[in-house]
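Step one of this worksheet: look at the structure below.
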Amino acid sequence: MEPGERTETGDCAAEAGPVFTLEEVGKRNCSREAWLVIHGRVYDVTRFLEEHPGGEEVLLEQAGRDATESFEDVGHSTDAREMLKQYYIGEIHPHDRKKEGSKNPSMTSSGQASFWSTWLIPIFGALVIGLMYRYYMLDGRTS
Ligand code: HEM
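The numbering used here puts the first residue of the sequence shown at 90, with every later residue one more than the last.
Written as structure tokens, this is what we have:
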């Protein structure tokens, strides 16, 4: 068997390297194993299930997927964020990463779009009205 290749015999698959795909993390959502992804990092929270102050149900609910949003929605303390380190086991594959960092560039590009729509369209409109007014006035004088 090649490294990284896995058997599909059980709910929980064999060990893998430090970079995981979301699919691999998804296999770790049974009662024996619970992995989840927070900010592109993979955490094995199996031994934390019973200790979690928010209860094990919420962790099991999020197990096997990207729990970033739920984790942030709760507004976890800095202590909770520090605790994450204990359960860190690896990184999520770049292909499966949520586009967290792309939020800003997209905001700037839409910001640029709104810059043009806020300034260029009114300027163009004013020019057209100005020209129409000029022609109207010239027309009025000649006739
Ligand atoms: C490894 C990941 C996690 C760690 C280390 C962790 C840790 C903690 C800690 C230390 C608390 C106590 C309050 C605080 O200090 O903020 C807490 C509360 C809580 N957590 Fe987590 N948590 C994790 C993941 C999650 C996830 C994925 C959810 C999903 C919804 C969740 C939901 C909650 C809830 C609902 C509470 C209770 C909040 C309250 O009663 O005010 N946690 N967690």
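Cβ coordinates follow ideal geometry from the N, Cα and C atoms, glycine included.
*Since E180 contacts G144 with CB under 8 Å, what's their CB separation in whole angstroms?*
Residue 180 sits at position 91 when you count from the first residue of the sequence shown. Residue 144 sits at position 55 when you count from the first residue of the sequence shown. About 27 Å; that fails the 8 Å criterion.
*E113: which of T167, L173 and H184 sits nearest, CA to CA?*
Position 24 of the sequence shown, counting from 1, holds the residue named residue 113. If we check each option's Cα against that of E113, H184 comes out closest.
*asked:* Any heavy atom of the ligand HEM inside 7 Å of the beta-carbon of F160?
replied: Your numbering for residue 160 matches position 71 in the sequence shown. F160: yes, Cβ under 7 Å from the ligand HEM.
_Quick check on L125: does DSSP put it in helix, strand or coil?_
For the purposes of this step, residue 125 is taken as the residue at position 36 of the sequence shown. The answer is strand: DSSP assigns L125 an E or B state.
_Which runs of the beta strand (DSSP E) at least 3 residues long sit entirely within the segment 145-196? Give them in chain order._
177-181
*Segment contact flag, the segment 165-178 with the segment 209-229, C-beta cutoff 8 Å, min 3 pairs*: no
*Cβ of D155 within 7 Å of any heavy atom in the ligand HEM?*
As a working note, residue 155 is residue 66 in the sequence shown. No - the ligand HEM has no heavy atom lying nearer than 7 Å to the Cβ of D155.
*Pick from D155, T207 and V147: whose alpha carbon is nearest that of K187?*
What you label residue 187 is simply residue 98 of the sequence shown in a count that begins at 1. That would be D155, whose Cα lies nearest to the Cα of K187.
*Tell me where the alpha helix (DSSP H) around V114 begins and ends.*
For the purposes of this step, residue 114 is taken as the residue at position 25 of the sequence shown. Segment L111 to G115, the alpha helix (DSSP H) holding V114.
*Determine, using beta carbons only, whether G153 and N118 come nearer to each other than 8 Å.*
Walking along the sequence shown from the start, residue 153 turns up at place 64. Walking along the sequence shown from the start, residue 118 turns up at place 29. Cβ distance < 8 Å, so G153 and N118 count as in contact.
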